[in-house]
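*Asks:* Take a look at the following structure, please.
2 protein chains.
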Amino acid sequence: MASIAKALNVSPMPVREAISRLMALGALTVVSGRSIGVPLLGARQLEDLRKVRCEVEASAVTWAVANRTAKFEAKLETLLKRMEEAESTGQVREFIHRNYEFHFAIYAQAGSELLLEIISTLWLRINPQFHLLQRHGHYKASNRQHRALYERICAGDAEGAVKTLREDIDSAYEVILKTLEERGSPSDYMLTR
Amino acid sequence: MASIAKALNVSPMPVREAISRLMALGALTVVSGRSIGVPLLGARQLEDLRKVRCEVEASAVTWAVANRTAKFEAKLETLLKRMEEAESTGQVREFIHRNYEFHFAIYAQAGSELLLEIISTLWLRINPQFHLLQRHGHYKASNRQHRALYERICAGDAEGAVKTLREDIDSAYEVILKTLEERGSPSDYMLTR
DNA sequence: ATTAAATATCTTTGATCAAAAGTCAAAAAA
DNA sequence: TTTTTTGACTTTTGATCAAAGATATTTAAT
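Order-wise, the sequence lines are chains A and B.
Letter by letter, the first sequence follows residues 1322 to 1514 of the working numbering.
Letter by letter, the second sequence follows residues 1322 to 1514 of the working numbering.
Okay, here's the thing in structure tokens:
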């Protein structure tokens, strides 16, 4: 904590409060009273996360389809193109950011502050897992699903959009689960870095 | 904050952290940098809460129906009877507690740690609104809906159970919204007590 | 009499400090 | 060689303090 405070040129106190907030959100955990880290999720917890994400984000997509506008669809298309470009040029970080923006553009269009908050918290927990297990290898499939999702949304086909979204979520989890069982079950917590 | 610390016989520091965690969960808010209070929700935010609760708790009920056991159903029936008794004898506090247990017995049966957490956070935000607007007057209707919900669950009728749950949630919000418009739009935040 | 400004008091927020809890390593014993 | 115990060091957690921000009250002026 002292090192974080020094790195950010602030006193340890704001760092403490920030960390306590992140712990309340489930993004950080105390590792045996000595240090702080990202909670490493087991297969069961990842499966739980997958199921809940499917339900919650399905609701968001359904509402977004109902609220769709021309400007909204244009934004999605822009992001989609940038993702496809990032894939072809192999820009991992760019792809990840646009993927985030694409999904949250949809969830924001649902028009529910609360639902957006819930989904943000879910992503806050799942994102580090992707980064720590570093397996970003399925962009082509991902982009195919994103385009299909975009088309279902523009067609006003909420049911089809939900189905496509579920496939997108599921395929990401297949990658994670495969990596997890390759590496075996690690310790309860994974430290930062 | 000092008063809370004194009342609990602890130093102000643990109180600070507890409050910061509750703020992260949206259960408390800073009122103009001077004091802390329960966020008072407007009609739009209450409506948002209602819609999101319907979606999320519907998922939980659906999963609970799939996971139902004899012991689970027995527990629901016990709680149901205690709620009906509390209604007939006018024990408000008792009814509120059993209502909480009844709902969360169902949500726990869904078997999802995450979903339970999400619903808990939603209830953490909505419960103070009920208490502050104090209108606990619709127990008879509520108990009718609870018994219907119980029967749909035991019958394995997930769709019917979801429909009943939605009615239960909706009728609670009708009471709140009616009270809110009677009182007019109050200040942004309502202090504790 | 009412309104505006200034001052005083109250309360959070940031900082420094002390103490307690825990882990890692080293040394000794089996 | 391995295991256990002890000691030292690191790091959180609780406490006290100072400062900054905000509100309420009082006073003065219009």
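Here a beta-carbon is modelled for each residue, glycine too, at the ideal position from N, C-alpha and C.
Could you compute how far the alpha carbon of residue 1517 of chain B sits from the alpha carbon of residue 1475 of chain B?
*Replies:* Lying before the first or after the last residue shown, residue 1517 of chain B is absent from chain B, which here runs from 1322 to 1514.
*Asks:* Can you give the Cα-Cα distance for residue 1442 of chain B and residue 1384 of chain A, rounded to whole angstroms?
*Replies:* Counting only the Cα atoms, residue 1384 of chain A lies some 22 Å from residue 1442 of chain B.
*Asks:* Tell me the rounded alpha-carbon separation between residue 1401 of chain A and residue 1472 of chain A.
*Replies:* The straight-line gap from Cα to Cα measures roughly 11 Å.
*Asks:* So, under 8 Å CB-CB, residue 1372 of chain B and residue 1433 of chain A are touching, yes? Tell me the CB distance rounded to an integer number of Å.
*Replies:* 7 Å
*Asks:* In whole angstroms, what separates the C-alpha of residue 1349 of chain B from that of residue 1325 of chain A?
*Replies:* 27 Å
*Asks:* What do you reckon, are the CB atoms on residue 1428 of chain B and residue 1378 of chain B nearer than 8 Å?
*Replies:* Yes, they are a contact pair.
*Asks:* Under 8 Å, Cβ to Cβ, is there at least one residue of chain B near residue 1342 of chain A?
*Replies:* Chain B contact via Cβ: present.
*Asks:* Please list the partners that residue 1378 of chain B has in chain A, where partner means a Cβ-to-Cβ separation under 9 Å.
*Replies:* Ordered by position in chain A, no residue passes the 9 Å Cβ test against residue 1378 of chain B, which lies about 11 Å from the chain.
*Asks:* Whole angstroms are fine: how far does the CA of residue 1424 of chain A sit from the CA of residue 1331 of chain B?
*Replies:* 45 Å
*Asks:* In chain order, what residues of the same chain lie with their CB nearer than 7 Å to the CB of residue 1468 of chain A, ignoring the 5 residues before and after it?
*Replies:* These residues qualify, in order along the chain: 1401.
*Asks:* Does residue 1372 of chain A have its Cβ less than 8 Å from a Cβ in chain B?
*Replies:* yes
*Asks:* Within 10 Å of its beta-carbon, does residue 1380 of chain A have 16 or more other beta-carbons around it, so buried, or fewer, so exposed?
*Replies:* buried
*Asks:* Any beta carbon from chain B within less than 8 Å of residue 1439 of chain A's own beta carbon?
*Replies:* yes
*Asks:* With 8 Å set as the bound, which would you pick, yes or no: does the beta-carbon of residue 1510 of chain A sit closer than that to a beta-carbon of chain B?
*Replies:* Residue placement at residue 1510 of chain A cannot be trusted, given a pLDDT of 45 that sits under 50; what the coordinates show is reported in the next sentence. It does not; no Cβ of chain B falls within 8 Å.
*Asks:* Mind checking if residue 1385 of chain A is an interface residue toward chain B, Cβ cutoff 8 Å exclusive?
*Replies:* no
*Asks:* So with Cβ pairs under 8 Å, would you call residue 1326 of chain A a contact of chain B?
*Replies:* Using beta-carbon distances, residue 1326 of chain A does not count as an interface residue toward chain B, since no partner is under 8 Å.
*Asks:* Compare the C-beta of residue 1434 of chain B with all C-beta atoms of chain A and state if any pair is closer than 8 Å.
*Replies:* Answer yes: the Cβ-Cβ gap between residue 1434 of chain B and chain A drops below 8 Å somewhere.
*Asks:* For residue 1483 of chain B, which residues of its own chain have a beta-carbon under 7 Å away from its beta-carbon, when the five flanking residues on both sides are left out?
*Replies:* 1379, 1382, 1383
*Asks:* For the alpha helix (DSSP H) containing residue 1324 of chain A, list its first residue and its last residue.
*Replies:* 1323-1328
*Asks:* To which residues of the same chain is residue 1407 of chain B closer than 7 Å at the C-beta, ignoring the five residues directly before and after it?
*Replies:* 1415, 1416, 1419
*Asks:* With a floor of 3 residues, list each beta strand (DSSP E) that falls wholly inside the region 1425-1509 of chain A, ordered by position along the chain.
*Replies:* Segments of the beta strand (DSSP E) lying fully in the region 1425-1509 of chain A: there are none.
*Asks:* What three-state label does DSSP hand residue 1331 of chain B in the structure shown?
*Replies:* coil
*Asks:* Comparing alpha-carbon positions, which option in B/1368, B/1363, B/1337 lies nearest residue 1356 of chain B?
*Replies:* B/1337
*Asks:* Tell me, to the nearest whole angstrom, how far the beta carbon of residue 1333 of chain A is from that of residue 1344 of chain A; I am working on the premise that it is less than 8 Å.
*Replies:* With a Cβ gap of about 16 Å, residue 1333 of chain A and residue 1344 of chain A do not count as contacting.
*Asks:* Cβ of residue 1514 of chain B less than 8 Å from any chain A Cβ?
*Replies:* Note on residue 1514 of chain B: pLDDT 31, under 50, position unreliable in the model; no value is reported.
*Asks:* For residue 1392 of chain B, which residues from the same chain have a beta carbon less than 6 Å from its beta carbon, with the 5 sequence-adjacent residues on both sides left out?
*Replies:* none
*Asks:* In whole angstroms, what separates the C-alpha of residue 1307 of chain B from that of residue 1329 of chain B?
*Replies:* This structure cannot settle anything about residue 1307 of chain B, because the visible part of chain B is limited to 1322 through 1514.
*Asks:* Mind checking residue 1421 of chain A: buried by the 16 CB within 10 Å criterion, or exposed?
*Replies:* Exposed, since its Cβ has fewer than 16 Cβ neighbours within 10 Å.
*Asks:* Are the CB atoms of residue 1451 of chain A and residue 1490 of chain A within a distance shorter than 8 Å?
*Replies:* no
*Asks:* If we call anything under 8 Å between Cβ atoms a contact, is residue 1342 of chain B one with residue 1342 of chain A?
*Replies:* yes
*Asks:* Which residues of the region 1482-1505 of chain A have a Cβ closer than 7 Å to any Cβ of chain B? Give them in chain order.
*Replies:* Under the 7 Å Cβ criterion, the region 1482-1505 of chain A contributes no residue.
*Asks:* Check this for me: beta carbons of residue 1479 of chain A and residue 1386 of chain A, under 8 Å apart or not?
*Replies:* Taking 8 Å as the Cβ cut-off, residue 1479 of chain A and residue 1386 of chain A qualify as a contacting pair.
*Asks:* For residue 1363 of chain B, which residues does DSSP report across the bridge?
*Replies:* For residue 1363 of chain B, which the question treats as bridged, DSSP gives no partner whatsoever.
*Asks:* CA-CA distance, residue 1374 of chain A and residue 1370 of chain B?
*Replies:* One alpha carbon belongs to residue 1374 of chain A, the other to residue 1370 of chain B, and they sit about 18 Å apart.
*Asks:* Please state if the CB of residue 1426 of chain A and the CB of residue 1397 of chain A are separated by a distance shorter than 8 Å.
*Replies:* yes
*Asks:* Any Cβ of chain A within less than 8 Å of the Cβ of residue 1507 of chain B?
*Replies:* Caution applies to residue 1507 of chain B, whose pLDDT of 48 falls short of 50 and renders its modelled position unreliable; the value that the coordinates give is listed next. Not an interface residue.
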